[in-house]
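Notes to accompany the following structure.
Protein chains in written order, with our numbering: chain Y, 25 to 491; chain E, 25 to 220.
Given below as structure tokens:
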């Protein structure tokens with residue numbers, strides 16, 4: 025029987041299978057950041073060990089960093105200490121570290137692909153659930169805990185049960201003004217925030233194949249938001265074109281040989297999945313979330329569900345979510361007030377996102393009363409945006425380009441949405457308090473964020489920008 | 025370095041009857057700035073447990089003195105979201121040894137097992153039976169037997185079996201540690217590297 029794309033990559037990295045279903049899995053690339061690594065470094069030190077394969081480990085400062093005045097000392101002592109610990113630990117273990125101020129610093133899931141560390145057929149882990157992002161290149165990439173970070177430090181391997189397999193095909197052409205973010209929000213709204221648990225997803229179909237690498241990364245990034253272990257997409261010419269010439273990618277003849285091997289990474293026609301879904305791309309509209317998990321999303325033209333038919337803890341949880349958001353079942357999303365707009369994160373903090381946002385707000389003005397945080401995903405994205413003059417376009421429209429970091433996606437730094445305020449966010453999670461205690465998050469794609477920034481309300485971006 | 029051992033446990037519980045409890049609720053991101061593993065239990069369920077002024081919210085079960093015990097019981101899809109192991113640390117540090125739910129998120133389940141915190145996945149019906157018994161008697165006890173892979177409501181005798189892979193069961197029963205095990209495989213890992 026044929027193999028799936030996932031099987032091909034996973035099976036090539038099995039060092040040993042244990043009784044009871046766990047695999048000793050070899051890891052090609054280990055990304056680390058300041059929040060989930062210090063306890064692992066400490067554990068390693070207490071064992072008298074050093075990092076086994078420092079050359080396969082890449083560190084960047086992202087979760088805690090301020091997004092203004094990065095040249096100044098960090099005001100928050102704890103954040104400063106955690107960032108210093110990352111640099112110190114990396115020095116002690118010969119790990120390349122993109123600390124604050126380094127020209128390659130940025131959000132780990134943006135920096136990795138940008139520098140060509142992420143390649144097809146690899147196994148990639150990081151102490152961060154959005155490691156699924158790297159699956160866009162046909163890699164098996166997933167988030168791990170700090171104990172597992174320590175395992176990879178010590179042995180370059182981890183112990184994992186092999187997940188089940190799911191394929192989600194999206195076929196047809198997406199409508200104007202509909203982005204890959206809308207596709208993944210739509211999928212999660214259909215299969216729920218736990219619908220992928222225990223599975224590794226392969227995204228396929230003509231709508232996925234037509235996406236750029238950055239759009240594919242947005243889709244795979246949020247595979248974890250339906251509970252999946254990860255998401256991946258078979259590499260193709262779009263993938264190879266993106267990779268060619270990037271630092272850390274083989275060059276010349278070595279690149280051609282790599283491509284030849286990468287071309288074998290696809291699901292065989294007779295391979296089977298545990299679950300398969302198929303969705304029609306033209307049916308997908310710009311999406312917005314109304315609740316407190318990413319599965320609670322609707323088309324922007326739609327209304328908040330009434331919760332009719334829900335019972336027991338389903339009903340309690342639904343009511344709790346709407347109460348937190350200050351919404352009522354049956355209300356329309358269009359017209360709802362917006363106080364904050366966040367463009368950025370490992371979901372939508374890439375150059376294409378900034379180009380799109382700038383092109384939409386060009387010649388318009390940010391609404392009075394809206395605070396907009398535009399946070400590039402990396403120094404590279406920031407430099408590129410400035411080189412293309414996007415910063416000028418944004419300034420003319422009343423916006424300011426900030427400095428790279430995770431920022432308001434999880435509000436570990438000073439970028440916190442105040443309690444009770446409404447935010448339209450291009451990030452990945454609308455959990456209670458995610459963007460600051462009491463903050464109310466509505467997840468959306470870049471055009472919806474631009475429309476909210478201009479109008480101060482939830483509006484259909486297709487109407488606002490005549491898309 | 026051995027992890028804490030687990031064999032059996034019989035005690036009261038604390039029920040949090042909420043679905044999709046994500047790790048941002050278990051431990052909000054602003055409490056992840058430590059560089060050592062200590063004190064996370066103080067901020068377990070921080071924003072549900074305390075109001076903005078830091079006063080305990082009485083209605084939250086962790087603040088209800090009538091619930092006591094080392095078993096946390098929660099509704100389905102427990103531990104979804106962020107991979108932060110701080111969530112498992114916070115629960116363990118607070119004093120829980122077992123989390124019972126009808127469905128766990130994958131990363132959380134792994135993190136719990138790696139810290140001697142036993143995730144016990146039960147049927148929806150059994151979870152409902154636990155909540156029902158707790159409504160009748162807040163001091164109702166549960167009995168967890170890792171060897172037999174069973175969980176029982178002591179007062180009613182209702183029982184449910186749970187799954188755990190045999191490797192992790194061995195680790196918990198004997199306190200084995202994954203890092204020690206992987207380091208012992210060094211020659212095999214070196215051979216794998218040489219062949220690829």
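Ideal placement from N, C-alpha and C gives every residue a C-beta, glycine not left out.
Fair warning: this is a prediction, and the values are worked out from it, not measured in the lab.
For residue 120 of chain Y, the closest C-alpha among the options Y/241, Y/437 and Y/75 is that of Y/75. For residue 233 of chain Y, the enclosing alpha helix (DSSP H) stretches over residues 230 to 233. Residues of chain E with a Cβ closer than 8 Å to the Cβ of residue 168 of chain Y are, in chain order, 107, 131 and 134. Here residue 146 of chain Y is buried: its Cβ has 16 or more other Cβ atoms, across all protein chains shown, within 10 Å. Between residue 142 of chain Y and residue 53 of chain Y, the CB-CB gap stays under 9 Å.
The beta-carbon of residue 217 of chain Y is placed less than 9 Å from the nearest beta-carbon of chain E. With the criterion set as a beta carbon lying under 9 Å from some beta carbon of chain Y, the members of the stretch 43 to 67 of chain E are 43, 44, 46, 47, 48, 49, 52, 53, 54, 56, 57, 58, 59, 60 and 61, in sequence order. Rounded to whole angstroms, the separation of the alpha carbons of residue 242 of chain Y and residue 453 of chain Y is 13 Å. At a beta-carbon threshold of 8 Å, the residues of chain E lying near residue 175 of chain Y are 202, 203 and 206, ordered along the chain.
Residue 103 of chain Y and residue 58 of chain Y have their C-alpha atoms spaced approximately 9 Å apart. Each residue's CA atom was taken as its position, placing residue 383 of chain Y and residue 368 of chain Y some 16 Å apart.
Note that the C-beta distance between residue 379 of chain Y and residue 412 of chain Y is below 9 Å. Residues 417 of the same chain have their beta carbon placed closer than 6 Å to that of residue 386 of chain Y, with the five preceding and five following residues left out of the count. Annotation: residue 96 of chain Y to residue 81 of chain Y spans about 28 Å, alpha carbon to alpha carbon. Only those residues of the stretch 144 to 165 of chain Y whose C-beta falls short of 9 Å from the nearest C-beta of chain E are listed: 150, 151, 152, 153, 154 and 155. Close CB contacts of residue 409 of chain Y within its chain, under the 7 Å cut and outside five residues either way in sequence, are with 375, 378, 400, 415 and 425 (chain order). Within its own chain, the residues whose Cβ lies closer than 8 Å to the Cβ of residue 29 of chain E, once the five positions on either side in sequence are excluded, are 140, 196, 197, 198 and 199, listed in chain order.
For residue 100 of chain Y, the nearest beta carbon of chain E is closer than 9 Å to its own beta carbon. In this structure residue 169 of chain Y touches residue 107 of chain E by the C-beta definition: roughly 6 Å separates them, less than 8 Å. Pairing residue 87 of chain Y with residue 437 of chain Y gives a Cβ-Cβ distance under 9 Å. Counting C-beta pairs with one atom in each stretch, the stretch 122 to 137 of chain Y and the stretch 353 to 366 of chain Y have fewer than three that are closer than 8 Å, which means they do not touch. Residue 152 of chain E places its beta carbon 9 Å or farther from that of residue 166 of chain E. Close partners of residue 436 of chain Y in chain E (Cβ separation under 8 Å): 53, 54, 56 and 57. Residue Y/233 holds the alpha-carbon nearest to the alpha-carbon of residue 195 of chain Y among Y/403, Y/217 and Y/233. Among the CB atoms of chain E, one or more fall inside 9 Å of the CB of residue 251 of chain Y.
Note on residue 117 of chain Y: 16 or more other CB atoms within 10 angstroms of its CB, so buried under the neighbour-count rule. In the three-state DSSP reduction, residue 137 of chain Y falls in the helix class (H, G or I).
Of the residues E/37, E/110 and E/61, the one whose Cα lies closest to the Cα of residue 48 of chain E is E/110. Per DSSP, residue 398 of chain Y lies in no alpha helix (DSSP H) segment; the continuous beta strand (DSSP E) that holds it begins and ends at 395 to 398. Within the same chain, Cβ atoms closer than 6 Å to the Cβ of residue 473 of chain Y are found at 365, 367, 448 and 450, the five residues on either side in sequence being excluded. For residue 300 of chain Y, the uninterrupted beta strand (DSSP E) run begins and ends at 299 to 304, by DSSP. With respect to the 9 Å criterion, residue 327 of chain Y and residue 356 of chain Y are classified as neighbours on the basis of their beta carbons. In chain E, no part has a C-beta under 9 Å from the C-beta of residue 297 of chain Y; the shortest such distance is about 17 Å. With its beta carbon less than 9 Å from one in chain E, residue 340 of chain Y belongs to the interface. Residue 356 of chain Y sits in a strand when the DSSP states are folded into three classes. Around the CB of residue 240 of chain Y, 16 or more other CB atoms lie within 10 Å, so the residue is classed as buried.
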